[in-house]
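Student: Residues in the sequence shown are numbered from 10 upward in steps of one, following the numbering used here. Where is the CB? At the ideal position from N, CA and C, for every residue including glycine.
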Amino acid sequence: MPEVMHEAEKEARFLIEGMDCASCVMRIETSLKKLPGIDNATVNLATGEASILYQPGLVTTANIKKRVDDIGYKAIDIPHDEASNSLIEEERNEARKKRLTKFYISLALTLPVFIISMFDGNFPGSQWVQLLLSTPVLFWSGSVFFIGGFQEARSKSPGMNLLVALSTGSAYLYSVVAVLFPDLFPHMGGEAHTYFESATVIITLILLGRLMEDRAKGKASEAMKHLLGKQPKVATVIREGKDLEIRIDEVRSGDTILVRPGEKIPVDGVILRGISSVDESMMTGESERVKKSEGSEVIGSTVNGSGSFEYRATRVGKDTILQQIVRLVERAQGSKAPIAKLADVISGYFVQGVIVISIITFAAWYIFGPEPKLTYALLTFVSVLIIACPCALGLATPTAILVATGRASELGIIIKNGEALEKAHKLTTLVLDKTGTITSGNPVVAEIISFNGLSNNDILRLAASVERNSQHPIAKAIADAAMQAKLSAFESSVFELTEGAGVSAMIGTKKIYAGNKIFLENNGINFSGVSEKKFTAGSSSVYIASGKELLGMISISSALTPHAKEAIAAFRQLGIEVIMMTGDTEEAANAVAREVGIERVLAGVLPYQKTEKIRSLQAEGKFVGMVGDGINDAPALAQSNVGFAIGSGTDVAIEAADMTLLRDDLRAVSDAIKLSKRTMRIIKQNLYSSFLYNSLGIPIAAGVLFLPFGLLLNPMIGSAAMAMSDVSVILNSLRLRKFT
């Protein structure tokens, strides 16, 4: 049978309507994963979104949406254009208004029921008034619970809606029977007590709790709204010599755009004419303005300073850096940390357990309880169902990740997923690539030494001639020095590159080598009789040879990156071992290490050896983080437990990393680690408080305090406690917004 070929895996993202608790999350994920062609399904209660990896040849997005609909929810495509996003936001606002209307009507009808019941308003027909007022509260304002509960029961996946429907429905049904058929309760004198107030107050309080949740969730996602709100609506484009003001979505790549003082830069591009300074703090978190001139790159949505300039648009629409950041952060906010899996598993079985406990409680009170047995049994049954709260468990992790990843983006740190955020706090060792991380990525020629009588200019000219075809920063430094000295390069041929070691080329009839000592020795160059020269601290050595003769050495140095010493001191305060890894000689590497306070150095490491070095450290039992910026860092970043890519580095390194730093500042790594520690502390507080709430609340609702103290939990108090437990988890997570 021929092998069936399938299209590449794709990702689909949907808004899910109708989710109320963690059991809903478990139910949707489990159901979707049963579909053929679904590789993974992740549902986030805090954002209300689902991310599905699927094989297009086996399943379609229509199949996915139908499966969600079949189990009682609704899946809506997440749009990528601004107009559709606005439409979705309008729909959400409309839904909030409907929930608010239902709450107000529920409150207005519940208050008189509560007053009549609590203050013994036993006027003629009072029970009929309560019945009349309670019915719309349950079956209109609270319709979502009964519809959702029915769907949960039908699909054999009980959730929070079923708990609310069973508890309030039982109280209401008992009360209706008591009003319509009072003779069924002869031990109560023909008039049984009703519980309309419990049913209506429970519905009203839960509706209030969900409104408070909506508001708190809105605050949790404010970081993304803040980012998107920064995008300008119009741009001034120069076409056919005229300044035209057009909508931002009409700007095309290649357009020439005019930016005046104080205006927002519409899209990404490169300056053609003009000089200014730009406030990029909304991207990088760095308040200092960045000087821009001809050839400088500018980022859309950042703010121009006092100058004006014209620039060519290079990235527009969904390709701009802002939109890429928004997509990355949204994906991270919708992801799950490993710690969330435990809560999801527990929540998946929680509701079934609560229903069993409530039935046992009812039976125990009805068989062994005091008179009126049915009343006590009903009260405890309702209380157990109401006070149980899987929502708090389900919100404990995603709300914290939602707030933390949003706050990180404001600080110039883009976190790829919740797993990376969780793992960062475990780091015991941090490996820093030297060039571009500890030292600036712009090396310069510091010193030239001749061994055979050639002039320094001759050495520099030969080096520039052989390095002219290399893209390495050191090659550029040598070329720049030769240009400044007005030295023209020799014609060269047969260029050969040995990655991370050196280059060679034919100049005339001679083969010229430029590289490190090992590279030259491997090519037969003899170093005996050459006195070792000491270069400036922190310098790298490039040796120049012709044939088998060593001609000279060039010292290449780079300044330390800003705040490198401060950042490394911060790592040590966090208890993290810092290791510098570089291809430089041990002498040059140690000089830099001493200057910044690093004790362990891995020198002479070739690009292909970096991954093995990380693997060796992990074999020692270390939990390793790696910070780098180049293409040759990408495998090591991927191998590390947590990879940090400097944002100005290559796209390959950024893609391989778990976190991207939008500012060239090592302190951002310590910020990310501290944020991870704070987030994990918040998550654990949320989980512990949720477990504690249910561990204490359910037994109290079942009546454990009745025998020693004669106390029973009022179902109305239970519903208030349940609502507040959800809100307290979200409010605790919101504390991460103040992380600095």
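Is the beta carbon of V363 less than 9 Å from the beta carbon of L569?
Tutor: Residue mapping note: residue 363 aligns to position 354 of the sequence shown, counting from 1. Residue mapping note: residue 569 aligns to position 560 of the sequence shown, counting from 1. Result no, Cβ atoms of V363 and L569 do not sit closer than 9 Å.
Student: At the level of alpha carbons, what is the spacing between G553 and L496?
Tutor: As a first step, residue 553 must be located in the sequence shown, where it is residue number 544. As a first step, residue 496 must be located in the sequence shown, where it is residue number 487. Note that residue 553 is Ile in the sequence shown here, rather than Gly. Cα to Cα, I553 sits roughly 17 Å from L496.
Student: Based on DSSP bridge pairs, tell me the residues matched to G750.
Tutor: Past the edges of the chain, shown from 10 to 749, lies residue 750, and the structure says nothing about it.
Student: By alpha-carbon positions, which one of A208, S184 and D48 ends up nearest to G727?
Tutor: The count along the sequence shown starts at 1 and reaches residue 727 at position 718. If we check each option's Cα against that of G727, A208 comes out closest.
Student: Note down, in chain order, each residue of its chain lying with its Cβ closer than 8 Å to the Cβ of F460, except the 5 sequence neighbours on either side.
Tutor: On the sequence shown, residue 460 is found 451 positions in, with the first residue counted as 1. Result list for F460: V539, L559, L560, G561 and M562, in chain order.
Student: Shortest alpha-carbon distance to G445 belongs to which of S135, S285, G57 and D674?
Tutor: For the purposes of this step, residue 445 is identified with residue 436 of the sequence shown, where counting begins at 1. Looking at the Cα atoms, D674 is the closest of the given residues.
Student: When burial is assigned at 16 or more other CB atoms within 10 Å of the CB, is A50 buried or exposed?
Tutor: Position 41 of the sequence shown, counted from the start, is the residue given in the question as residue 50. So A50 counts as buried.
Student: According to DSSP, is S93 helix, strand or coil?
Tutor: Taking the first residue of the sequence shown as 1, we reach residue 93 at position 84. Residue confidence for S93 is low, a pLDDT of 47 falling below 50, so the modelled location carries little weight; the figure read from the coordinates is stated next. Note: S93 maps to helix in three-state DSSP.
Student: With burial defined as no fewer than 16 other Cβ atoms inside 10 Å of the residue's Cβ, what is the status of G151: buried or exposed?
Tutor: Translated into the one-based positions of the sequence shown, residue 151 becomes position 142. Buried, since its Cβ has 16 or more Cβ neighbours within 10 Å.
Student: Note down, in chain order, each residue of its chain lying with its Cβ closer than 7 Å to the Cβ of P45, except the 5 sequence neighbours on either side.
Tutor: Translated into positions along the sequence shown, residue 45 becomes position 36. Taken in chain order, the residues that qualify are L67 and V68.
Student: Just mark A730 as buried or exposed, buried being the case when its beta carbon has 16 or more other beta carbons within 10 Å.
Tutor: Position 721 of the sequence shown, counting from 1, holds the residue named residue 730. Its Cβ being crowded by 16 or more others within 10 Å, A730 is buried.
Student: Name the two residues that bound the continuous alpha helix (DSSP H) containing M28.
Tutor: Within the sequence shown, the letter at position 19 stands for residue 28. Neither: M28 is in no alpha helix (DSSP H) and is coded neither H nor E.
Student: Is V173 near the ligand PLP, judged by its Cβ being under 8 Å from some heavy atom?
Tutor: This structure simply doesn't include the ligand PLP, nor any ligand for that matter.
Student: Using a Cβ-Cβ cut-off of 6 Å (strictly less than) and excluding sequence neighbours within five positions of R163, which residues of its own chain qualify?
Tutor: Taking the sequence shown and counting its residues from 1, the one referred to as residue 163 is at position 154. Cβ neighbours of R163 beyond the five flanking positions: none.
Student: Given S126, which residues of its chain have a CB within under 6 Å of its CB, disregarding the five upstream and five downstream residues?
Tutor: Looking up residue 126 in the sequence shown gives position 117. Cβ neighbours of S126 beyond the five flanking positions: E206.
Student: Return the Cβ separation of S367 and L394 in integer angstroms, given the expectation that the two are a contact with Cβ distance under 8 Å.
Tutor: What you label residue 367 is simply residue 358 of the sequence shown in a count that begins at 1. What you label residue 394 is simply residue 385 of the sequence shown in a count that begins at 1. S367 to L394, Cβ: 5 Å. Contact.
Student: Would you identify the three-state DSSP class for R298, choosing helix, strand or coil?
Tutor: Stepping through the sequence shown from its first residue, residue 298 is reached at position 289. Note: R298 maps to coil in three-state DSSP.
Student: Going by DSSP in three states, R477 sits in which element: helix, strand or coil?
Tutor: Residue numbering aside, residue 477 sits at position 468 when the sequence shown is read from its first letter. Three-state DSSP puts R477 in coil, outside helix and strand.
Student: Determine the direct distance from the alpha carbon of K300 to that of V287, and round the result to whole angstroms.
Tutor: As a position in the sequence shown, residue 287 is number 278, starting the count at 1. As a position in the sequence shown, residue 300 is number 291, starting the count at 1. Approximately 6 Å between the Cα atoms of the pair.
Student: Can you list, in chain order, the residues of its chain with a C-beta nearer than 6 Å to that of T245? Leave out the 5 residues immediately preceding and following it.
Tutor: Looking up residue 245 in the sequence shown gives position 236. For T245, where only same-chain residues beyond five positions count, the Cβ hits under 6 Å are D252, E254 and L267.
Student: Can you round the beta-carbon distance between M635 and V614 to whole angstroms, since I take them to be within the 8 Å contact cut?
Tutor: Numbered from its first residue, the sequence shown carries residue 635 at position 626. Numbered from its first residue, the sequence shown carries residue 614 at position 605. Not really, about 12 Å apart at Cβ, beyond 8 Å.
Student: Count Cβ pairs between the segment 479 to 496 and the segment 596 to 613 that sit closer than 8 Å; are there 3 or more?
Tutor: The segment 479 to 496 vs the segment 596 to 613: no contact.
Student: Pull up the DSSP beta-bridge partners for N695, would you.
Tutor: For the purposes of this step, residue 695 is taken as the residue at position 686 of the sequence shown. Bridge partners of N695: none, in fact.
Student: V77 by DSSP, collapsed to three states: which one?
Tutor: Locating residue 77 in the sequence shown gives position 68, counting from the first residue. Note: V77 maps to helix in three-state DSSP.
Student: Please return the same chain residues whose Cβ sits closer than 7 Å to the Cβ of A494, not counting the five positions on each side in sequence.
Tutor: Your numbering for residue 494 matches position 485 in the sequence shown. Closer than 7 Å at the Cβ level, and outside the excluded window around A494, lie N466 and L469.
Student: Can you tell which of N72, I73, T438 and H434 has the C-alpha that lies nearest to the C-alpha of I691?
Tutor: Here residue 691 refers to the residue found at position 682 of the sequence shown. That would be H434, whose Cα lies nearest to the Cα of I691.
Student: Taking the alpha-carbon positions, what's the F112 to G27 distance?
Tutor: Along the sequence shown, read from residue 1 onward, the residue named residue 112 stands at position 103. Along the sequence shown, read from residue 1 onward, the residue named residue 27 stands at position 18. Roughly 17 Å between the two C-alpha positions.
Student: Once DSSP output is grouped into helix, strand and coil, what is the label at R672?
Tutor: By one-based count along the sequence shown, residue 672 stands at place 663. If DSSP states are grouped into helix, strand and coil, R672 belongs with coil.
Student: By a C-beta neighbour count over all protein chains shown, 10 Å radius and 16 as the cutoff for buried, is N535 buried or exposed?
Tutor: Reading the sequence shown from its first residue, position 526 is the one you call residue 535. The residue in question, N535, is exposed, as its Cβ has fewer than 16 Cβ neighbours within 10 Å.
Student: When burial is assigned at 16 or more other CB atoms within 10 Å of the CB, is T110 buried or exposed?
Tutor: In the sequence shown, counting from the first residue as 1, residue 110 sits at position 101. Exposed, because fewer than 16 other Cβ atoms sit within 10 Å of the Cβ of T110.
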